[in-house]
Amino acid sequence: MAHKIAILGASGYTGAELIRLIATHPNMEIVALGANSKAGQSMASVFPHLRHLALPDLVTIEEIDFAGVDLCFCALPHATSQEVIRDLPKHLKVVDLSADFRLRDPAEYKKWYGNDHAALDCQKEAVYGLTEFYRDEIASARLVAGTGCNAATGQYILRPLISAGVIDLDDIILDLKCAVSGAGRSLKENLLHAELSEGYNAYAVGGTHRHLGEFDQEFSALAGRPVRVQFTPHLIPANRGILATSYVKGAAQAVHETLQKTYAGEPFIQVLPFGETPSTHHVRGSNFCHIGVTGDRIEGRAIVVAALDNLTKGSSGQALQNANLMLGEAETEGLMSVPVFP
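Residues in the sequence shown are numbered from 1 upward in steps of one, following UniProt numbering.
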């Protein structure tokens, strides 16, 4: 019998991506789609590329009967998400795609997001959703907090290196390029075609990006002491994709071997042969992450590059991967589609 699935925030990019992925899942059935601003509309009118699917119409969250729902994906904005999840039935498994349950310390949440947390009991039970590193906890969780797409990309590079002690923890630079869909679907002046195309700009420069809260939390826990990375994201005129380049102090071959060993059995993380680096073109529309390592001309330094699709492996694909574990399904179900190229 198929698991009954609800998606809240179904009119956004991550909501549409969840629908696209679940459409190929043999054991999931979407029974409710919530999207308050577009309630009453069909998915075909909001996202014409989904018109071939038999989907329920969009409704308000208040109209959804969760009694028969097994798992709910919550793709709502932060602050809104915590208030909605707080009031959902306790039998319901939830995968949250917002930032609301990623940070374990309420003071850190307030520091990075500017408001007090409104669902502290839920926050205490939430499991961080970086699947490859929290697999066992996710499988038994009721509430999983999906990671930030930038945060996921950086962690796939750096977590194994920090754990293995093969890099200098006080000299880590992470330079990241993110496609425009990472900013969501709401109208923003700086995302207009005339203002975004043919350009490329840094933002949140100097350590103000909110995903730094996730880096600080996760890297410091791994190292057993504070670890602070230099991180600068850049907005690029592309629809999908993240390319992260990390500059680290350590032997390049040891860095490569550590990543190869860590991800040898992982279905979605591909470590390239030494000296090769990935492209966002090679992971587009897929749940794969490609990682490459090369040495620098300066001895004792390495350059690590990772590419993933921010809407899939960075968000909705990761969410489905976690949901599979929570529901006892094969982790790869619905997620093995080949990347779209060119």
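All C-beta atoms in this analysis are idealised placements derived from N, C-alpha and C, irrespective of residue type, glycine included.
Remember, it's a predicted structure, so these values are computed and weren't measured experimentally.
Residue 84 carries a helical assignment under DSSP once its states are collapsed to helix, strand and coil. For the set 139, 310, 320, the Cα lying nearest the Cα of residue 176 is the one of 310. DSSP places residue 71 in no alpha helix (DSSP H) but in the uninterrupted beta strand (DSSP E) bounded by 71-74. Under DSSP, residue 29 takes part in a beta bridge, and its partners are 4. For the pair residue 304 and residue 166, the CB atoms are not nearer than the 7 Å cut-off.
In chain order, 66, 67 place their CB closer than 8 Å to the CB of residue 89, counting only its own chain and leaving out the 5 sequence neighbours on each side. CA-to-CA, the gap between residue 92 and residue 71 works out to about 6 Å. Three or more beta-carbon pairs drawn from the region 157-174 and the region 218-230 are found closer than 8 Å, and the two stretches are therefore classed as touching. Taking C-beta separations shorter than 7 Å and ignoring five residues to either side along the sequence, the partners of residue 266 in its chain run 132, following chain order. Membership of residue 290 in the beta strand (DSSP E) is indicated by the continuous run 289-295.
The straight-line gap separating the alpha-carbon atoms of residue 96 and residue 191 is approximately 25 Å.
The DSSP-derived three-state label of residue 175 is strand. In the DSSP assignment, residue 234 forms a beta bridge with 177, 202. Contact annotation: residue 98 and residue 117 have beta-carbon atoms that are not nearer than 7 Å. Looking at 325, 248, 40, the one whose alpha-carbon comes closest to that of residue 160 is 248. In the three-state reduction of the DSSP assignment, residue 249 falls in the strand class. Remark: C-beta atoms of residue 21 and residue 58 do not approach each other more closely than 7 Å. Per DSSP, reduced to three states, the secondary structure at residue 166 is coil, with no helix or strand assignment. Taking the Cα positions, residue 251 is about 14 Å away from residue 158. Apart from the 5 residues on each side of it in sequence, residue 17 sits with its Cβ closer than 8 Å to the Cβ of 311, 312, 315, 316, 317 in its chain, given in chain order.
When DSSP states are grouped into helix, strand and coil, residue 90 belongs to the coil group.
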